[in-house]
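Novice: Here the sequence shown stands for residues 255 to 617, numbered as in our numbering.
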Amino acid sequence: MTKCLTAGRPAGFAVALPCSFTYLDPPMSAPLDQSVRLRRLRATAGIRAMLGETVVEPRHLIQPLFVTEGDVAEPVGSLPGVSRIPLAQLGAKCAELLALGIHGVALFPKVDPARKTAEGAEALNPSNLAYRAIREVKAKSPGTVIFADIALDPYTTHGHDGILNAAGTDVDNDRTVEALVKMSVFTAQAGADFVAPSDMMDGRVQAIRKGLDAAGHTGTGILAYSAKFASAFYGPFRDAVGSARKVGEAPISKATYQMNPANRREAAREAILDAEEGADLLMVKPAGAYLDIIRDLRESTNLPIAAYQVSGEYAQLHAAAEKGWLDLRATRDESLLAIRRAGADVILSYFAEAYARDFAARR
Ligand code: PBG
């Protein structure tokens, strides 16, 4: 029996043999007609390292830090590896982070419940824990860049970010903004580099900018939490600062001021407004479930963009790793990479320090 070897083979790959040979057809071994092969760019560790498009370096990370009045560090149960830090240890912690290449910290006070009131007046006490913490960091680690949270939730008995209206049914936007402006001036006086309004009241960025300038703090910047969503991923944070509802109580709803997770166009409106009102950086929060929002803002503004990988994002990876279901380091690194790839310049993350330690060890 005769059979031509070229039959059924792509042109160019045929073996030229006389058609009179009798033979068994060998298993198909000729290559596909595929000249573009992307796997060539993934073939070795060296090629992959050379062509990586996105990097996460410690300089891209901001470490959120919880501060306590107490003398000993207080581990936060729902945030493995995270503790509230005593004021006296805060400067050393920031210096340590700086040595690891982490320039920025975001400070959050755990306020003594006895100091909380419905209107959160402790926020305007010039010697409150938050302002003392800023002074402490500036004194002990002057190179650290301080982002100070501006919102009333650590100070209010109800845990809302603002002052409530007379009926107690909603936050009073304009009275809250008034308090936030004063809080921002105290924060700038204490020495913070950036105030970071996380409250989502309307008009607060413009009011804060004017208030800071009028008080002579033209050099203090504003990191605006522009697209902050009413997210269920904030749970462990509320444990850390003590603004969570007690067991059995319905979880707090901040839906009249924080954004609906369904809304993408509205996030763009918030960001445009904050930029017009004078924000220096814009933030998206949470990060991992909102990568599309980060990408949208990246493409519509030239302002630097921050993303907050929030407490619940951190906790879920730890919880799965504890069960042996996920590799903590690998998922941590991948989650941070994805946030940078989406377009964030800087990432607030509870993983910052651990990431930087591993980064240093890999060098
Ligand atoms: C409050 C504030 C929250 C976070 C940062 N600032 C919680 C909230 O809005 O209730 C959350 C951060 C996190 O979950 O890590 N102004």
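For each residue, glycine too, the CB sits at the ideal point set by N, CA and C.
If residue 433 sits next to residue 466, beta carbons under 8 angstroms apart, how far is it from one beta carbon to the other, in whole angstroms?
Specialist: Going by Cβ atoms, the distance from residue 433 to residue 466 rounds to 15 angstroms, so no, they are not a contact pair.
Novice: Kindly list the residues whose CB is nearer than 8 angstroms to the CB of residue 387, restricted to its own chain and excluding five residues on each side of it in sequence; keep chain order.
Specialist: If we look at residue 387 and ignore the five residues flanking it on each side, its Cβ neighbours are 321, 341, 344, 361 and 363.
Novice: Measuring straight from C-alpha to C-alpha, what distance separates residue 545 and residue 585?
Specialist: Going by the C-alpha atoms only, they are around 16 angstroms apart.
Novice: How big is the Cα-Cα spacing for residue 427 and residue 458?
Specialist: Distance between the alpha carbons of residue 427 and residue 458 is about 9 angstroms.
Novice: Cα-Cα, which of 339, 599 and 501 is closest to residue 552?
Specialist: Closest by alpha carbon: 599.
Novice: Considering only heavy atoms of ligand 1, does any lie closer than 6 angstroms to the CB of residue 488?
Specialist: Yes, the Cβ of residue 488 comes within 6 angstroms of a heavy atom of ligand 1.
Novice: Would you mind reading off the limits of the alpha helix (DSSP H) that contains residue 363?
Specialist: Looking at the DSSP string, residue 363 is not in any alpha helix (DSSP H); the run it does join, the beta strand (DSSP E), is 358-363.
Novice: Can you grab the Cα-Cα spacing for the pair residue 298 / residue 617, in whole Å?
Specialist: C-alpha separation (whole angstroms): 19 angstroms.
Novice: Skipping 5 residues on each side, what residues in its chain have a beta carbon closer than 6 angstroms to that of residue 482?
Specialist: Contacts found: 454, 512 and 539.
Novice: Residue 381 CB to nearest chain C CB: under 7 angstroms?
Specialist: Given the protein chain composition of this structure (a single chain), no chain C is represented.
Novice: Helix or strand or just coil, what does DSSP make of residue 562?
Specialist: Looking at residue 562 - three-state DSSP - the assignment turns out to be strand.
Novice: Any idea which residues DSSP pairs residue 537 with across the strands?
Specialist: According to DSSP, which records beta bridges pairwise, residue 537 is partnered with 479 and 560.
Novice: Do you know how far the Cα of residue 305 is from the Cα of residue 491?
Specialist: Those two C-alpha atoms are separated by around 37 angstroms.
Novice: Comparing C-alpha positions only, which one of 400, 347 and 328 sits nearest to residue 338?
Specialist: Of the candidates 400, 347 and 328, the one whose C-alpha sits nearest the C-alpha of residue 338 is 328.
Novice: In angstroms with no decimal places, state the Cα-to-Cα distance between residue 604 and residue 567.
Specialist: Approximately 9 angstroms, taken between the alpha carbons.
Novice: Decide if residue 497 is buried, meaning its Cβ has at least 16 other Cβ atoms within 10 Å, or exposed.
Specialist: Result: buried.
Novice: Jot down the residue ranges of each uninterrupted beta strand (DSSP E) in the region 317-351, minimum 3 residues, whole runs only, in chain order.
Specialist: Listed in chain order, the complete beta strand (DSSP E) runs (minimum 3 residues) inside the region 317-351 are 337-340.
Novice: Please state the DSSP three-state secondary structure of residue 666.
Specialist: Outside the shown range of the chain (255 to 617) lies residue 666, about which nothing can therefore be said.
Novice: Cutting at 8 angstroms between CB atoms, please list the residues of its own chain near residue 394, excluding the five before and the five after it.
Specialist: Result list for residue 394: 344, 345, 346, 348 and 349, in chain order.
Novice: Let me confirm a value: residue 376 is counted as buried when at least 16 other C-beta atoms fall within 10 Å, else exposed. Which label applies?
Specialist: Buried, because 16 or more other Cβ atoms sit within 10 Å of the Cβ of residue 376.
Novice: Just the Cα atoms here: how many angstroms apart are residue 595 and residue 559?
Specialist: Cα-Cα distance, rounded: 12 angstroms.
Novice: Between the region 435-449 and the region 413-422, can you find at least three pairs of beta-carbon atoms closer than 8 angstroms?
Specialist: They do not touch, by the three-pair rule.
Novice: Leaving out five residues before and five after residue 436 in sequence, what residues of the same chain have Cβ atoms less than 6 angstroms from its Cβ?
Specialist: Hits under 6 angstroms: 378.
Novice: Comparing alpha-carbon positions, which option in 462, 570, 581 and 456 lies nearest residue 231?
Specialist: Summary: the structure shown does not reach residue 231, with the chain confined to residues 255 through 617, and so no result is reported for it.
Novice: Return the bridge partner residues of residue 529 from the DSSP annotation.
Specialist: Bridge partners of residue 529: none, in fact.
Novice: Considering residue 554, what are the terminal residues of the alpha helix (DSSP H) in which it resides?
Specialist: 545-554 is the span of the alpha helix (DSSP H), which, as asked, contains residue 554.
Novice: Give me the residue from 324, 610, 557 and 547 with the minimum Cα distance to residue 592.
Specialist: Checking every option, the nearest Cα to that of residue 592 belongs to 547.
Novice: Measuring only the C-alpha atoms, how far is residue 478 from residue 561?
Specialist: So the two alpha carbons sit approximately 11 angstroms from each other.
Novice: How would you label residue 564, buried or exposed, when you count the other beta carbons within 10 angstroms and need 16 or more for buried?
Specialist: The residue is buried, with at least 16 neighbouring Cβ atoms inside 10 Å.
Novice: Check this for me: beta carbons of residue 480 and residue 403, under 7 angstroms apart or not?
Specialist: No, the Cβ-Cβ distance between residue 480 and residue 403 is not below 7 angstroms.
Novice: Measuring only the C-alpha atoms, how far is residue 355 from residue 537?
Specialist: The alpha-carbon atoms of residue 355 and residue 537 are separated by roughly 21 angstroms.
Novice: For residue 332 and residue 286, I'd like the C-alpha separation in whole angstroms.
Specialist: Approximately 53 angstroms between the Cα atoms of the pair.
Novice: If we ignore side chains and look at the alpha-carbon of each, how far apart do residue 514 and residue 508 end up?
Specialist: Each residue's alpha carbon lies about 10 angstroms from the other.
Novice: Does the beta-carbon of residue 590 have 16 or more other beta-carbons within 10 angstroms, so that it is buried, or is it exposed?
Specialist: By the neighbour-count rule (16 or more Cβ atoms within 10 Å), residue 590 is buried.
Novice: Go ahead and label residue 472 buried or exposed: buried means 16 or more other beta carbons lie within 10 angstroms of its beta carbon, across all protein chains shown.
Specialist: Counting Cβ neighbours within 10 Å, residue 472 comes out exposed, since fewer than 16 surround it.
Novice: Cutting at 6 angstroms between CB atoms, please list the residues of its own chain near residue 608, excluding the five before and the five after it.
Specialist: Excluding residues within five positions, none has a Cβ falling inside 6 angstroms.
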